[in-house]
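Student: First the structure, which I've put down as structure tokens, then a few questions once you've had a look.
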Amino acid sequence: MSNSHSFTLDGKLVLVTGATRGIGRAVAIGAAAAGAELIITGRTTGALEEVDDAIRAAGSTATIVELDMKDYAAMPRLAAVIHDRWGRLDGFVANAAILAPLTPVTHLTPDNWDESIAVNLTGQWHMIRSLDPLLRAAPAGRAILVSSGAAVGSRPFWG
1252 MSNSHSFTLD GKLVLVTGAT RGIGRAVAIG AAAAGAELII TGRTTGALEE
1302 VDDAIRAAGS TATIVELDMK DYAAMPRLAA VIHDRWGRLD GFVANAAILA
1352 PLTPVTHLTP DNWDESIAVN LTGQWHMIRS LDPLLRAAPA GRAILVSSGA
1402 AVGSRPFWG
């Protein structure tokens, strides 16, 4: 990734959830290339370490945090550690999500439904609630919640 950004994130602290693949990985590496210090979360340490290597190659540093978005009690603990170490959070990219099986709604199990809501809705609420004081402590703290364009067109079994 080129460092020819028209903006800079020098000196900014950015947390990216779901940073091990896809959009989250690209955002974390791009923010690193723009000068941000990163906190990256995901469910597997090995995948986080791979992204950490890419962030270091982009010239920045990252703190990796293994985090399941269904572990609601971990979120205030994470916020407390961020507060104690940095006192603020300049940016939060809420990217972590799961996709329930693409199937007729009558075939979706209650467990599929519960897990999807737990990660994609309840977990996001717990995270933003925990991080809000840190974002407010930054001079211009911002949160970006990543969603999907799936509702734009008609797709079978997409809800």
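Going by the working numbering, the first residue of the sequence shown is number 1252, and it counts up by one from there. Built from N, CA and C at the ideal position, the CB exists for glycine as well. The model shown is predicted, which means the values in this text are computed figures rather than measured ones.
(1) Beta-carbon within less than 6 Å of His1256's beta-carbon, same chain only, minus the 5 sequence neighbours each way: which residues are those?
(2) If you measure between the beta carbons of Ala1282 and Met1320, is that distance less than 8 Å?
(3) So, using beta-carbon positions, are Asp1335 and Leu1264 closer together than 8 Å?
(4) With DSSP run on the structure shown, which of helix, strand or coil describes Ala1309?
(5) Find out if the Cβ-Cβ distance for the pair Arg1339, Leu1385 is shorter than 8 Å.
(6) Just to confirm my understanding: we take Ala1375, look at its own chain, exclude 5 residues before and 5 after, and list those with CB closer than 6 Å. What are they?
(7) Less than 8 Å between the CB atoms is what I'm expecting for Val1316 and Thr1292, so what's the real figure, rounded?
(8) Starting from Ile1280, trace the alpha helix (DSSP H) in both directions and tell me its first and last residue.
(9) So, is Val1302 buried or exposed, given that buried needs 16 or more other C-beta atoms within 10 angstroms?
(10) Along the chain, which unbroken stretches of the alpha helix (DSSP H) at least 4 residues long are found entirely within the segment 1360-1384?
(11) Pull the bridge partners of Arg1393 from the DSSP assignment, please.
Tutor: Reading it off the structure:
(1) For His1256, the pLDDT reaches just 48, beneath the cut-off of 50, and the residue's location in the model is therefore unreliable, although a value from the coordinates is still provided. The answer, listed in chain order, is Ala1285.
(2) no
(3) no
(4) coil
(5) yes
(6) The identity of residue 1375 in the sequence shown is Gln, whereas the question assumes Ala. Cβ within range, chain order: Ala1345.
(7) 5 Å
(8) Gly1273 to Ala1284
(9) buried
(10) 1361-1368
(11) Gly1342
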